[in-house]
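**Q** Sharing a structure below in structure tokens format, with a few things to ask.
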Amino acid sequence: MHFLKAAALAGIMTGTVYAAVAGSSAAYAADIKIGFVVKQPEEPWFQDEWKFADVAAKEKGFTLVKIGAEDGEKVQSALDNLAAQGATGVIICTPDVKLGPGIIAKAEANGLKLMTVDDRLVGADGQPLEDVVHMGISATKIGEEVGRAISEEVKKRGWDWKDVGAIRVSYDQLPTAVDRVEGALSVLKENGLPEANIFAAPQAKTDTEAALNASTVVLNKNAGIKHWVAVGLNDESVLGAVRATESVGVPSENVIAVGIGGADSAINEFKKPNATGFYGTVIISPKRHGYETAMNMYAWLADGKEPEKLTLTSGQLALRDNYAAVRKELGIE
Ligand code: FCA
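Residue numbers (mature numbering (1 follows the signal peptide of the UniProt record, and there is no 0)): -19 to -1, 1 to 314.
This is the structure we're talking about:
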């Protein structure tokens, strides 16, 4: 800011560069501050979102304030802090979509333009708050992609669906999570998985540890089942199911788990010398969710250009042997 102001001042004094500085939006960019609040800052997906939002900030010259907010109270104070710091826009992935009306009110009271990313706010009736600008993943379609990948591999390994157990790592308070796992399970059922072979493993939080705990209960109750598949809302939840199969002694060749995400959690698993039950992941784009949301917010604040109300992004399946190429193709190396 100081530099730009100084440059503008210098422009006035010399009369030559002034027009160039004043005419470029860079003169305003330095004054624009945008918050990027995420529910789980330790999760690689969110770190990648931040990383790409930072790229937008550098490119445009605005200030990005990154805040982790794991519960409702932290969300409230994040919104207050942002306003106190002079931010005028915030992009948020909330820890709880039911905080929706409260978040809208708080953002409004603080003069913050609001966009949500990944998890869409809902009202008291559980329906999405459609007036809030949102970028999410096309959850059902991506879930179906998971289901197709698992089904093909089940066929390839010659398993009989009758003998396959499916761990449904669930986080049903989050609509996108329901859409993702239901999309996957619909395809598995279409291909022959009996409904009775689906076991819910409700996780208390969307991380690996919670999924491991929930999945262990399912496996212990169903020790007679030989072949397992696992679905969940993200890589972490599916990895929890895989860790659980390992801990109860199911050999990795008897497990087919496919996640959603494609960030470091998945990559580190693919880098292991021996294949685990984590067969693949549908890679989604932290670049679109980080860079593009930040660019959209910037355009809204700097040029008054309101973003599309709803953007749903796609995913692409990647396996152990081609994940690097897929990431490259998506521009997210
Ligand atoms: C949700 C999940 C994250 C990520 C994101 C796109 O927020 O919790 O892991 O999948 O959607």
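Heads up, the beta-carbon is just placed ideally off N, CA and C, and yes, glycines get one too.
#1: Could you tell me which uninterrupted beta strand (DSSP E) segments, each at least 3 residues in length, are contained entirely in the region 35 to 79, listed from first to last along the chain?
#2: Using the Cβ count rule (16 or more neighbours within 10 Å means buried), how would you classify PRO175?
#3: For SER228, is the classification buried or exposed, using 16 other Cβ atoms within 10 angstroms of its Cβ as the cut-off for buried?
#4: Report all residues from its chain with a CB closer than 7 Å to the CB of ALA299; omit the five preceding and five following residues, and keep chain order.
#5: Could you tell me how far apart the beta carbons of VAL78 and VAL103 are, in whole angstroms, since I believe they sit closer than 8 Å?
#6: What's the gap between the Cα of ALA120 and the Cα of ALA158?
#7: From LYS207 to ASN235, what does the alpha carbon distance come to, in whole angstroms?
#8: Relative to the C-alpha of LEU155, which candidate in ILE15, ASP141 and GLY117 has its C-alpha closest?
#9: Kindly provide the ranges of any beta strand (DSSP E) runs that are 3 or more residues long and lie completely inside the region 155 to 241, ordered along the chain.
#10: Roughly how many angstroms lie between the CA atoms of GLU273 and LEU95, to the nearest whole one?
#11: In the structure shown, what three-state DSSP assignment does TYR152 receive?
#12: Heavy atom of the ligand FCA less than 7 Å from the Cβ of ASP99, yes or no?
#13: What does the Cβ neighbour count give for LYS253, buried or exposed, with the cut at 16 atoms within 10 Å?
#14: Could you have a look at LYS94 and say whether DSSP puts it in helix, strand or coil?
#15: Please confirm whether any heavy atom of the ligand FCA lies closer than 7 Å to the CB of ASN215.
#16: Assuming contact is defined by CB atoms lying nearer than 8 Å, are ILE15 and ILE72 in contact in what I supplied?
#17: Should residue 333 be labelled buried (16 or more other beta-carbon atoms within 10 Å of its own) or exposed?
**A** Short version:
#1: Listed in chain order, the complete beta strand (DSSP E) runs (minimum 3 residues) inside the region 35 to 79 are 44 to 49 and 70 to 74.
#2: exposed
#3: exposed
#4: Shown here for ALA299: same chain residues with a beta carbon closer than 7 Å to its own, the five before and five after excluded, namely GLY243, GLY261, THR262, ILE264 and VAL307 in chain order.
#5: 5 Å
#6: 8 Å
#7: The C-alpha of LYS207 lies about 7 Å from the C-alpha of ASN235.
#8: GLY117
#9: 179 to 183 and 208 to 212
#10: 15 Å
#11: coil
#12: yes
#13: exposed
#14: strand
#15: yes
#16: yes
#17: Nothing can be reported for residue 333: it is not among the residues displayed for the chain, which extend from -19 to 314.
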